[in-house]
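In the order they appear, the protein sequences are chains L and Y. Just so we're aligned: the first sequence equals residues 1 to 478 in this note's numbering. Just so we're aligned: the second sequence equals residues 1 to 478 in this note's numbering. Beta carbons are placed, not taken as given, at the ideal position from N, Cα and C, and that holds for glycine. Written below as structure tokens is the structure these notes are about.
Number of protein chains: 2
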Amino acid sequence: MGIGWRRSGSFRRGSEDFSPCGGYGLEDGGGAGTFRGVNSCASLGIGLAGFGTVGSGVWNTLERNGDLITGRTGGGVMLHVAKILVRDPAKARAATGEVPAERFTTNWRELVEDPAVDIVVELIGGTTDAFEIVAAALRARKPVVTGNKALLAERGVELFALSREMDVPIHFEAAVAGGIPIIRTVQDSLIGNRIHSISGIINGTSNYILGRMTDAGLTFETALAEAQGLGYAEADPALDVNGWDAAHKAILLATLAYGFPIDPGLVHVSGIEQVRPIDITFSKNLGYVVKLLAVIREHADGSVELRVQPSFIAKTNILASVHGVFNAVAVHGDAAGEALFYGRGAGQDPTASSVVADLVEASRSLRQASGHRGFLLYRENGRLVPVEETSTAYYVRFDVTDRPGVVAEIARVLADHRIGISGTHSPVNPANPDAEFVDMVFLLHTCAYGKLKQALAEIEGLDCINSEPVVFRIESLG
Amino acid sequence: MGIGWRRSGSFRRGSEDFSPCGGYGLEDGGGAGTFRGVNSCASLGIGLAGFGTVGSGVWNTLERNGDLITGRTGGGVMLHVAKILVRDPAKARAATGEVPAERFTTNWRELVEDPAVDIVVELIGGTTDAFEIVAAALRARKPVVTGNKALLAERGVELFALSREMDVPIHFEAAVAGGIPIIRTVQDSLIGNRIHSISGIINGTSNYILGRMTDAGLTFETALAEAQGLGYAEADPALDVNGWDAAHKAILLATLAYGFPIDPGLVHVSGIEQVRPIDITFSKNLGYVVKLLAVIREHADGSVELRVQPSFIAKTNILASVHGVFNAVAVHGDAAGEALFYGRGAGQDPTASSVVADLVEASRSLRQASGHRGFLLYRENGRLVPVEETSTAYYVRFDVTDRPGVVAEIARVLADHRIGISGTHSPVNPANPDAEFVDMVFLLHTCAYGKLKQALAEIEGLDCINSEPVVFRIESLG
């Protein structure tokens, strides 16, 4: 596939133009043209089954970043939403005015069978209708992307057998830990590792509730009501608080890591309903934090331990610092060693981010595009910001001759350049309180580095300054 | 590709048997057979250019986990090292007695041109010979895997142009942050995101030195000497401490995230040589930690800021907790939100883990295997550990009738079951110091849950116990 440096045309944004080869030219030379089945520059149609939080997040992400994705794939991947399955089109239309009415359907067979639909995204949840939709899509030889952890944990063995039989993929990055790419990591990045263990905080609702019980002394019931009020917990929060949402995710991770089917009936799961304020108090006093933890661990004989429970972990453990609705998964592989993946475990945009990554992978598999991507240079007017234009706060250390007036002289130059000072410090050396040469530290407010450089050049000219000042940035990493 | 549940044969270990279809049968039914070019069950030959720390790590990982990889790919990927480029075969043989002598060569052309070599792994470093080897491999249409950040940061634009021209991939997960899959994450998992920023601690040597300066009050020079003594820093540590190793990695990440070529000459880089104990002292007093930070950030106008410098970051920032030779990369995407990837940034096995993941990807691209993997059930005798056989320490809360002898009764039952007690606590309720029903907490040493269950069943029979005890695990997450 000979995708080259795009030499003409500019970024299109929020495009509704799905005409083949839109603004994205394939470079003429070189390529072996390995796309098959689908025209190499036509847009692929997505059938969205479900248009709730995540479904509309997928729509929004494709609207916002569709052109960026096309650029990053060297023109190889263009995507548009061809059909949307909803319960009530009138309601859905009201919520998302920009979706043309004819794209909605209330009949899932119509969505799966629509020739304009190349890839089916299942986001309706549950294990019955969702199973029918996924199975029908595979039989129609349409790749499936799903975020449905319950479906795959309960009926994944059947569905993946059908996937192999039909030679059509199921992608499910969105099913575990929202925006954290833990499925790809276990499946691809750690493929050379024997996985010793996976420990994770993979239910944000439980983590939020435990956090509020810990930080604000709330009871379970009050914290749960708060989480529901903020939209973190479902109206029926059962699967979140009884541990089964986390257990479904853990089953998927364990199946990938260890390669045998795991019977959910044999998994030991308990939720956070039993946690009382007294347990929180004790855990604190003892140096622990209470977390709903999924633990997956291979024993020496190859057996696999898998359980989900509220657990005490040491305050100093990195998982203890995972707050609110964030998720984190710690993996220990025999080659990679310890690794931790942290991020937003749920929510519209993070989950949509994973769905979209899977859509790109599904597109590639449909087109059998070769795997090489490397530096795909899709931005012809990219510009590196000159360091002079970058701004942070600063720590500046001067080597000065200690005499009255030094601070005033330096401060005056900074003031001339309109650079604010947040503090100055000059430590007295107890061993030599009358030293002639001392270190003098200035803390400066945020300004462009170019401005600071000019001021420092001037300050270096002062006769109290003995050598080039040393500058460190103070990064807010906001 | 119809890869199925493998029904016969057992795991082979450390195999030297590269015969086609070894113990791994492809299921007969169903598959469309999309492997092309290379026989679907023959082993692929790797040419290892360089057999130092990482090269021998790759050899070891394939020896140890080769069969696991084959299982995880449904029999689709078998790998063996066909040829090894070394400076001195006598020395290399002495170091690795099990490598057959005829696999060594001192001539890189012989390695690249050997028909037994399907994939070339470049691990010799530098930007001259390494460039020739990679370019020759691409021209010979052999996929390349490399860990050479300097090569790709300095000459990647040329090499990836050749890669596209020849339609042959270059994989480089090992080039950035050792065992952390950050390249795949930026390239694939976050492909639907506009990347707002990437901030990383991506040079373990500098991080180790700064940590020792902070924790032990060492000078830069002493800490560097210590790092060299421990093998963390090279004999010539220039690229580590002057910031350029981190800068090369940051250039790769920025090129992937933003899609335009970045001239290393325009990147602002400074290293940790200027950091003095006084700066460490000040940073502590001010609530900061000094870290060598790579900062990549997109400005509102699309320009990209990229710099590597020792920086002050707030003690409470998660990056401040990255200690020793660990690496961490924080990415902020417009859809995924904040995410952090943490792990071992260098070393034999972690880097080999990334090389091996790339080898699998290269194998798949060679064979155009379809992308669906899902639950590949490669272990026929997998066993889930019954929860009764899992062991941790425990926190057990009893609801007891408060009377003398309660602790002794419970403790006796635990002793009968040989379960150790590390502490007992019964808080007095200040509002009701004479309450009849109280919470009594026991902290128990590690034992099998089954044993604890038996003891608790017995304890529940005591007439001082009013309801079912509540058990939380104390996880050491070793």
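Quiz item: With a cut-off of 7 Å, does the C-beta of ASP240(L) fall near any C-beta of chain Y?
Solution: Look at ASP240(L): its C-beta is not under 7 Å from any C-beta on chain Y.
Quiz item: Taking the alpha helix (DSSP H) that ARG367(Y) falls in, what are its first and last residues?
Solution: Its alpha helix (DSSP H) spans residues 348–367.
Quiz prompt | Per-residue DSSP class, three states only, for VAL470(Y) | solution = Here VAL470(Y) sits in strand by DSSP.
Quiz item: Residues in the segment 259–275 of chain L with C-beta within 9 Å of chain Y's C-beta atoms, listed in sequence order?
Solution: Taking 9 Å as the upper bound on Cβ-Cβ separation, chain Y lies near residues GLY259, PHE260, PRO261, ILE262, ASP263, LEU266, VAL267, HIS268, SER270, GLN274, VAL275 of the segment 259–275 of chain L.
Quiz item: Does the segment 406–414 of chain L come within contact of the segment 442–460 of chain L, defined as at least 3 CB pairs closer than 8 Å?
Solution: The way I'd put it, the segment 406–414 of chain L does touch the segment 442–460 of chain L; three or more beta-carbon pairs between them come closer than 8 Å.
Self-check item: Validate contact between the segment 220–227 of chain Y and the segment 122–132 of chain Y using beta carbons, cut 8 Å, 3 pairs
Solution: Contact between the segment 220–227 of chain Y and the segment 122–132 of chain Y is not established, with fewer than three Cβ pairs separated by less than 8 Å.
Quiz item: What number of angstroms, rounded off, separates the C-alpha of GLY345(Y) from the C-alpha of LEU162(Y)?
Solution: Cα to Cα, GLY345(Y) sits roughly 29 Å from LEU162(Y).
Quiz item: So, is GLY265(L) buried or exposed, given that buried needs 16 or more other C-beta atoms within 10 angstroms?
Solution: Under a 10 Å Cβ-count criterion, GLY265(L) is classified as exposed, with fewer than 16 other Cβ atoms of the shown protein chains found around its own Cβ.
Exercise. Compare the C-beta of TYR378(Y) against all C-beta atoms of chain L and say whether one is closer than 7 Å.
Key: Yes, TYR378(Y) lies at the interface with chain L (some Cβ there is under 7 Å from its Cβ).
Practice problem: Quick one: residues in its chain with C-beta nearer than 7 Å to the C-beta of SER283(Y), no 5 flanking neighbours on either side, listed in chain order? | Solution: Contacts found: VAL289, VAL290, PHE312.
Exercise. In angstroms with no decimal places, state the Cα-to-Cα distance between VAL308(L) and SER199(Y).
Key: Cα to Cα, the separation comes out at about 33 Å.
Quiz item: Using a Cβ-Cβ distance under 7 Å, would SER206(Y) count as near chain L?
Solution: Not closer than 7 Å to any Cβ of chain L, the Cβ of SER206(Y) fails to qualify, so no.
Practice problem: Mind listing the chain Y neighbours of THR480(L)? Cutoff is C-beta to C-beta under 7 Å, in chain order. | Solution: Lying before the first or after the last residue shown, residue 480(L) is absent from chain L, which here runs from 1 to 478.
Quiz item: Can ALA49(L) and ILE124(L) be called in contact, C-beta distance under 7 Å?
Solution: Inclusion of ALA49(L) and ILE124(L) in the CB contact set at 7 Å is warranted, their separation being smaller than that value.
Exercise. Provide the residue span of the beta strand (DSSP E) that contains PHE51(L), from first to last.
Key: Judged by DSSP secondary structure, PHE51(L) falls outside any beta strand (DSSP E); it is assigned neither H nor E.
Exercise. Examine the Cβ distances between the segment 193–212 of chain L and the segment 357–367 of chain L and report whether three or more of them are shorter than 8 Å.
Key: At 8 Å Cβ cutoff, the stretches do not touch.
Quiz prompt | chain Y contact for THR146(L) (CB, 7 Å cutoff) | solution = Chain Y contact via Cβ: absent.
Quiz item: Short check: CB of ILE296(Y) to CB of LEU384(L), under 7 Å?
Solution: Judged by beta-carbon spacing, LEU384(L) lies beyond the 7 Å limit of ILE296(Y), meaning their Cβ atoms are not closer than that value.
Quiz prompt | LEU152(Y): CB within 6 Å of a non-hydrogen atom of the ligand NAD | solution = The ligand NAD is not among the ligands present in this structure, which contains no ligands whatsoever.
Practice problem: Decide if LEU292(L) is buried, meaning its Cβ has at least 16 other Cβ atoms within 10 Å, or exposed. | Solution: Residue burial annotation: LEU292(L) is buried, with at least 16 other C-beta atoms found within 10 angstroms of its C-beta.
Quiz item: Contact check, LYS149(L) vs HIS268(L) under 8 Å by CB: the rounded distance?
Solution: LYS149(L) to HIS268(L), Cβ: 18 Å. No contact.
Quiz item: Which word fits GLY231(L), buried or exposed, when buried means at least 16 other C-beta atoms lie within 10 angstroms of its C-beta?
Solution: Per the 10 Å Cβ criterion, exposed.
Quiz item: Going along chain Y, which residues have a C-beta under 7 Å from HIS425(L)?
Solution: Near HIS425(L) (Cβ distances below 7 Å), the residues of chain Y are PHE282.
Quiz item: beta strand (DSSP E) containing TYR394(Y): first to last residue?
Solution: From DSSP, the beta strand (DSSP E) with TYR394(Y) extends over 391–401.
Self-check item: Neighbourhood of ASN203(Y) by C-beta, 7 Å cutoff - its chain only, sequence neighbours within 5 removed
Solution: Here the set comprises ASP240, ASP245, ALA246, LEU292.
Quiz item: Are there three or more Cβ pairs, one per stretch, closer than 8 Å when the segment 134–142 of chain L is compared with the segment 68–77 of chain L?
Solution: Counting Cβ pairs under 8 Å, fewer than three are found: no touch.
Self-check item: Option in VAL112(Y), GLY71(Y), ARG473(Y) with minimal Cα separation from VAL81(Y)
Solution: Ranking VAL112(Y), GLY71(Y), ARG473(Y) by CA distance to the CA of VAL81(Y) puts VAL112(Y) first.
Quiz item: How about ASP439(Y): is its C-beta nearer than 7 Å to some C-beta of chain L?
Solution: At least one chain L Cβ lies under 7 Å of ASP439(Y).
Practice problem: Excluding the 5 residues preceding and the 5 following VAL145(Y) in the sequence, name in chain order all residues of the same chain whose CB lies nearer than 7 Å to its CB. | Solution: Here the set comprises ILE119, VAL121, HIS171, VAL355, ASP358, LEU359, ALA362.
Quiz item: What residues in the segment 115–146 of chain L have a beta carbon less than 8 Å from any beta carbon of chain C?
Solution: Among the protein chains in the structure shown, which are L and Y, there is no chain C.
Quiz item: Taking Cβ positions only, does PRO181(Y) come closer than 7 Å to chain L?
Solution: Yes - at least one Cβ of chain L is within 7 Å of the one on PRO181(Y).
Practice problem: Please confirm if ASP349(L) has its CB atom under 7 Å from at least one CB of chain Y. | Solution: Taking CB atoms only, ASP349(L) has a neighbour in chain Y less than 7 Å away.
Self-check item: Start-to-end residues for the alpha helix (DSSP H) that takes in MET166(L)
Solution: Residues 149–166.
Practice problem: Please determine if the segment 380–395 of chain Y and the segment 296–305 of chain L are in contact, where contact requires at least 3 C-beta pairs separated by less than 8 Å. | Solution: Under the three-pair Cβ rule at 8 Å, the segment 380–395 of chain Y counts as touching the segment 296–305 of chain L.
Self-check item: Straight-line Cα distance separating VAL304(Y) from VAL400(L)
Solution: Taking the straight line joining both Cα atoms gives about 36 Å.
Quiz item: Looking at C-alpha atoms only, which residue of GLY179(L), ASN193(L), SER197(L), HIS196(L) is the closest neighbour of SER189(Y)?
Solution: Closest by alpha carbon: GLY179(L).
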